[in-house]
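For the record, the sequence lines run as chains A and B.
Heads up, the first sequence is in the working numbering, so the first residue is 21 and it goes up one at a time.
Heads up, the second sequence is in the working numbering, so the first residue is 781 and it goes up one at a time.
Note that beta-carbon positions come from the ideal geometry of N, C-alpha and C, so glycine has one too.
Since the structure comes first, as structure tokens, the remarks are kept for the end.
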Amino acid sequence: MNQRDAFFDTTHVMKDGSIHDPFVIEQQSKSNDMWLRLYSRLDPEGKFEVRYHVHGCPHLIAISSIVISDLQKKSIQELETLDIREYEKIIDLPKTKKDRLFLLEDAIKGCIKHFKRA
Amino acid sequence: MKTYLDFASTTPMATEVIEGMHAVMSEASFGNPSSLDHEYGIKAKNIIEESRNEVASLINAKPEEIVWTSGATESNNLAIVGFHQFQYKNQALRFVTSHLEHKSVIESLQSVEALGSNVSYIQPNKDGQIDLETFVSQLDPNTTFVSCMHINNETGAVNDIANIGKYCRKNEIIFHVDAAQSVGKIPIDVNDMCIDLMSMSAHKVYGPKGVGALYINKDSVGRVKSLIVGGGQERGMRSGTLPTHQIAGMGIAYRISKQKMTQDLEHIKECRDAFLEKLSILHGWRINGSTDNAFPGILSISFSDLYSESLIYAMEDFAISRGSACSSDHDEPSHVLKSMGLVDHEINGTIRIGFGRTTSLSEVEKAATQLIEAVTHLRNLKGDSL
Chain A
21 MNQRDAFFDT THVMKDGSIH DPFVIEQQSK SNDMWLRLYS RLDPEGKFEV
71 RYHVHGCPHL IAISSIVISD LQKKSIQELE TLDIREYEKI IDLPKTKKDR
121 LFLLEDAIKG CIKHFKRA
Chain B
781 MKTYLDFAST TPMATEVIEG MHAVMSEASF GNPSSLDHEY GIKAKNIIEE
831 SRNEVASLIN AKPEEIVWTS GATESNNLAI VGFHQFQYKN QALRFVTSHL
881 EHKSVIESLQ SVEALGSNVS YIQPNKDGQI DLETFVSQLD PNTTFVSCMH
931 INNETGAVND IANIGKYCRK NEIIFHVDAA QSVGKIPIDV NDMCIDLMSM
981 SAHKVYGPKG VGALYINKDS VGRVKSLIVG GGQERGMRSG TLPTHQIAGM
1031 GIAYRISKQK MTQDLEHIKE CRDAFLEKLS ILHGWRINGS TDNAFPGILS
1081 ISFSDLYSES LIYAMEDFAI SRGSACSSDH DEPSHVLKSM GLVDHEINGT
1131 IRIGFGRTTS LSEVEKAATQ LIEAVTHLRN LKGDSL
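Right, dumping it as structure tokens:
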């Protein structure tokens, strides 16, 4: 998926009707007025499913869309080995916008931590 | 190519301008307009003077009151720094301006401030205009120079130049107007408006980039000190070989603007009104400034819940901008919008749309439709409903 397609893609955006159930685990990270909110759950086979809301620049929107698409149906172990920096080349993330990746990384780590605790 | 809706930033050159410039470059008018010993130079000089007449005619000035520059930025520098250097060498003066001004005015004033002069900044009202009362309250008997822009480049707000000018003239204060956004778009009469110095640009009115002019009232100011020294062109106020083809382009652009001003203004107003009518189904936006006393070709709209950068990205078929072209590549929030009382998230959510002579109503309709779609998409991404 290129940056433009990712920016407009809404496949894994949390729809209004499904906010409270079944995606109950919410992780939010914020930076400079931009934010990313993840709603996640583990399916019966222990695979990760995630939806999101995002607010920010086109790069944050696009990278969130791409990464979250890739996270679907991954196991917790797979999520733990994910190297978020590999994605920066996909959308040619400017150097000044590297913090968008950290925002995404923080939210994903928050989800992993929660599921491991549970 | 995207449809161009950023006419406040620059305008496409009119066909007549391109043809006129091309003719000048192709014909035997390539001579140096200062070389009057042969026909090449004389021919170039004649073109320069014809264009000077066109510029003067548009603003009701005398041709000898027009000095060619590289554009409005240089004109602003020359008007402020050149005035200070020539008229009041080594003296501290009191300048008054507003927070609305272009950076070329503000930074020119900062440079005279560094030489010991004093500069006061007037706060605009919530519509981004200078209230006459506020303006008068900022002046004192020591005020020597006032600089005020005519049309604001970010909001389109129009200042009451005629009344500010009359007040300045009555109180023997030199009045400089940055008319980069207004000349050729709305009527200007430098005599009726009591203007002493006025900065002009060609590329904002379908002329070429890299050329502009400074109007210098012969009776009240007379001269400014050249900031560029050398050959002594332009009566010693601006050295450098004159670019005949660019000046010819500016002359043609100004002549056309004079002919089409009423028609252009009506058309642009129609575009703005159609755009706003279509946008009225959306909630959560506001115009920065007002549609009254504003030039309809510049529309500054704030979506305080959204990021303008994402809105612009989502408007994939249209070339629009965040704000001033001079500051949209910087991360600093607009000093103009800040001075009007907008907070950071309102500024971050501001887009500027510019309509012009070549904008069609169907483009306006499509732009409004795409903006509605963009806003809907971004609000969906946030989890907000329309």
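query: Closest Cβ-Cβ distance between A/Ile-81 and chain B: below 8 Å?
result: Walking along the first sequence from the start, residue 81 of chain A turns up at place 61. Yes, A/Ile-81 lies at the interface with chain B (some Cβ there is under 8 Å from its Cβ).
For a test of the three-state rule: what should DSSP assign to B/Met-793, helix, strand or coil? Numbered from its first residue, the second sequence carries residue 793 of chain B at position 13. B/Met-793 falls in the coil class under three-state DSSP.
task: Run the CB neighbour count on A/Arg-24, radius 10 Å, all protein chains shown included, and call it buried at 16 or more, exposed below.
output: Reading the first sequence from its first residue, position 4 is the one you call residue 24 of chain A. Its Cβ having fewer than 16 others within 10 Å, A/Arg-24 is exposed.
Worksheet item: For B/His-930, which of helix, strand or coil comes out of DSSP?
Response: What you label residue 930 of chain B is simply residue 150 of the second sequence in a count that begins at 1. Coil at B/His-930, not helix or strand.
Would you say B/Lys-782 reaches chain A, if we count a Cβ-Cβ gap shorter than 8 Å as a contact?
Numbered from its first residue, the second sequence carries residue 782 of chain B at position 2. For B/Lys-782, the answer is no, since every Cβ of chain A falls outside 8 Å of its Cβ.
Exercise. Throw me the rounded Cβ distance for the B/Thr-849 and B/Arg-1018 pair, which I believe falls under 8 Å.
Key: As a first step, residue 849 of chain B is located in the second sequence; it is residue number 69 there, counting from the start. As a first step, residue 1018 of chain B is located in the second sequence; it is residue number 238 there, counting from the start. Contact between B/Thr-849 and B/Arg-1018 is confirmed by a C-beta separation of about 6 Å, below the 8 Å threshold.
ask   = How should A/Gln-97 be labelled, buried or exposed, when 16 other C-beta atoms within 10 angstroms of its C-beta is the threshold for buried?
value = Sequence index remark: in the first sequence, residue 97 of chain A carries index 77 (1-based). With fewer than 16 Cβ atoms within 10 Å of its Cβ, A/Gln-97 is classed as exposed.
*Unbroken alpha helix (DSSP H) run spanning A/Ile-86, endpoints*: Counted from its first residue, the first sequence places residue 86 of chain A at position 66. Its alpha helix (DSSP H) spans residues 78-91.
Quiz item: Exposed or buried, what is B/Gly-1010 when buried is set at 16 or more other beta-carbons lying within 10 Å of its beta-carbon?
Solution: As a first step, residue 1010 of chain B must be located in the second sequence, where it is residue number 230. B/Gly-1010 should be labelled exposed.
Starting from the C-beta of A/Ala-26, find all residues in its chain whose C-beta is less than 6 Å away, skip the five residues before and the five after it, and write them out in chain order.
-> The residue labelled residue 26 of chain A in the question sits at position 6 within the first sequence. Counting only Cβ-Cβ distances below 6 Å, and skipping sequence neighbours, we find Ala-82, Ser-85 and Ile-86.
- Query: With burial defined as no fewer than 16 other Cβ atoms inside 10 Å of the residue's Cβ, what is the status of B/Gly-1012: buried or exposed?
  - Reply: Against the second sequence, residue 1012 of chain B aligns to sequence position 232. Flag for B/Gly-1012 reads exposed.
(Q) Is there a C-beta anywhere in chain A that falls below 8 Å from the one on B/Tyr-1087? (A) The residue you call residue 1087 of chain B lines up with position 307 of the second sequence. Yes, its Cβ sits closer than 8 Å to a Cβ of chain A.
Check: So is B/Asn-971 buried or exposed if we call it buried at 16+ other beta carbons inside 10 Å?
Finding: Here residue 971 of chain B corresponds to residue number 191 of the second sequence, with the count starting at 1. B/Asn-971 is exposed by the Cβ-count criterion.
Distance between B/Gly-1163 and A/Ser-49 (C-alpha atoms, nearest Å): On the first sequence, position 29 is the one that residue 49 of chain A refers to. On the second sequence, position 383 is the one that residue 1163 of chain B refers to. So the two alpha carbons sit approximately 15 Å from each other.
Using a C-beta to C-beta distance shorter than 7 Å, which residues of chain B count as neighbours of A/Phe-27?
Translated into positions along the first sequence, residue 27 of chain A becomes position 7. Simply Tyr-1093.
For this session: Quick one: give me the first and last residue of the alpha helix (DSSP H) that B/Asp-958 is part of.
Result: Counted from its first residue, the second sequence places residue 958 of chain B at position 178. Element bounds for B/Asp-958: not the alpha helix (DSSP H) but the beta strand (DSSP E), 954-958.
**Asked** Hey, which unbroken runs of the beta strand (DSSP E) at 3 residues or more fall wholly within the segment 850-885 of chain B?
**Response** 874-878
Return no unless some Cβ of chain B is closer than 8 Å to the Cβ of A/Cys-131. On the first sequence, position 111 is the one that residue 131 of chain A refers to. Chain B contact via Cβ: absent.
A/Tyr-72 versus B/Val-892: straight-line alpha-carbon distance, rounded: Within the first sequence, residue 72 of chain A is the residue found at index 52, counting from 1. Within the second sequence, residue 892 of chain B is the residue found at index 112, counting from 1. Their backbone Cα atoms lie some 53 Å apart in a straight line.
### Query
Can you find a CB in chain A that lies within less than 8 Å of the CB of B/Lys-825?
Along the second sequence, read from residue 1 onward, the residue named residue 825 of chain B stands at position 45. Chain A contact via Cβ: absent.
Taking the CB atoms as reference points, tell me whether B/Ala-982 and B/Ala-1028 lie closer together than 8 Å. Within the second sequence, residue 982 of chain B is the residue found at index 202, counting from 1. Within the second sequence, residue 1028 of chain B is the residue found at index 248, counting from 1. Result no, Cβ atoms of B/Ala-982 and B/Ala-1028 do not sit closer than 8 Å.
Worksheet item: DSSP state of A/Gln-48, grouped into three classes?
Response: Translated into positions along the first sequence, residue 48 of chain A becomes position 28. Three-state result, A/Gln-48: strand.
Worksheet item: Listed in chain order, which residues of the segment 1113-1135 of chain B have Cβ atoms closer than 9 Å to some Cβ of chain A?
Response: Asp-1124, His-1125 and Asn-1128
Legend entry - Same chain, Cβ closer than 6 Å to B/Tyr-784, neighbours up to 5 away in sequence not counted: The residue you call residue 784 of chain B lines up with position 4 of the second sequence. Only Ala-1099 meet the Cβ criterion.
Chain B within 8 Å of A/His-73, Cβ atoms only:
The sequence position of residue 73 of chain A within the first sequence is 53, counting from 1. Yes - at least one Cβ of chain B is within 8 Å of the one on A/His-73.
Exercise for the section: Verify the CB distance criterion: does B/Ser-1108 have a CB-CB separation below 8 Å to chain A? Expected result: In the second sequence, counting from the first residue as 1, residue 1108 of chain B sits at position 328. At B/Ser-1108 the pLDDT is 45, less than 50, meaning the model places this residue with poor confidence; the figure from the coordinates comes in the next sentence. It does not; no Cβ of chain A falls within 8 Å.
Practice problem: Check whether the segment 834-841 of chain B touches the segment 1051-1063 of chain B, counting contact only when three or more Cβ pairs, one atom from each stretch, lie closer than 8 Å. | Solution: no
Integer Cβ distance of B/Glu-834 from B/Gly-1031, believed to fall under 8 Å
Counted from its first residue, the second sequence places residue 834 of chain B at position 54. Counted from its first residue, the second sequence places residue 1031 of chain B at position 251. The C-beta distance from B/Glu-834 to B/Gly-1031 rounds to 4 Å, short enough to fall under 8 Å.
Please classify B/Arg-1015 as buried or exposed, where buried requires at least 16 other C-beta atoms within 10 Å of its C-beta.
Taking the first residue of the second sequence as 1, we reach residue 1015 of chain B at position 235. Its Cβ having fewer than 16 others within 10 Å, B/Arg-1015 is exposed.
Listing by chain order, which chain B residues have their CB less than 7 Å from the CB of A/Val-33? Residue numbering aside, residue 33 of chain A sits at position 13 when the first sequence is read from its first letter. Asn-1160 and Leu-1161, listed in chain order.
ask   = If we cut at 8 Å on Cβ distances, does A/Gly-66 have a partner in chain B?
value = For the purposes of this step, residue 66 of chain A is taken as the residue at position 46 of the first sequence. A/Gly-66 does not count as touching chain B.
Cβ-based neighbour list, A/Pro-78, same chain, cut-off 6 Å, excluding 5 preceding and 5 following: For the purposes of this step, residue 78 of chain A is identified with residue 58 of the first sequence, where counting begins at 1. Within the same chain, A/Pro-78 has close Cβ partners Phe-27.
Check whether the Cβ of B/His-1063 lies closer than 8 Å to any Cβ atom in chain A. On the second sequence, residue 1063 of chain B is found 283 positions in, with the first residue counted as 1. No, B/His-1063 does not count as interfacial toward chain A.
For B/Met-781, three-class secondary structure by DSSP: Walking along the second sequence from the start, residue 781 of chain B turns up at place 1. In this structure, B/Met-781 counts as coil in the three-state DSSP scheme.
Secondary structure, alpha helix (DSSP H): runs of 4+ residues fully inside the segment 94-118 of chain A:
96-100
>> Quick check: is the beta carbon of A/Pro-78 nearer than 8 Å to any beta carbon in chain B?
In response: Counting from one through the first sequence, the residue named residue 78 of chain A turns up at place 58. True, the Cβ-Cβ gap to chain B drops below 8 Å.
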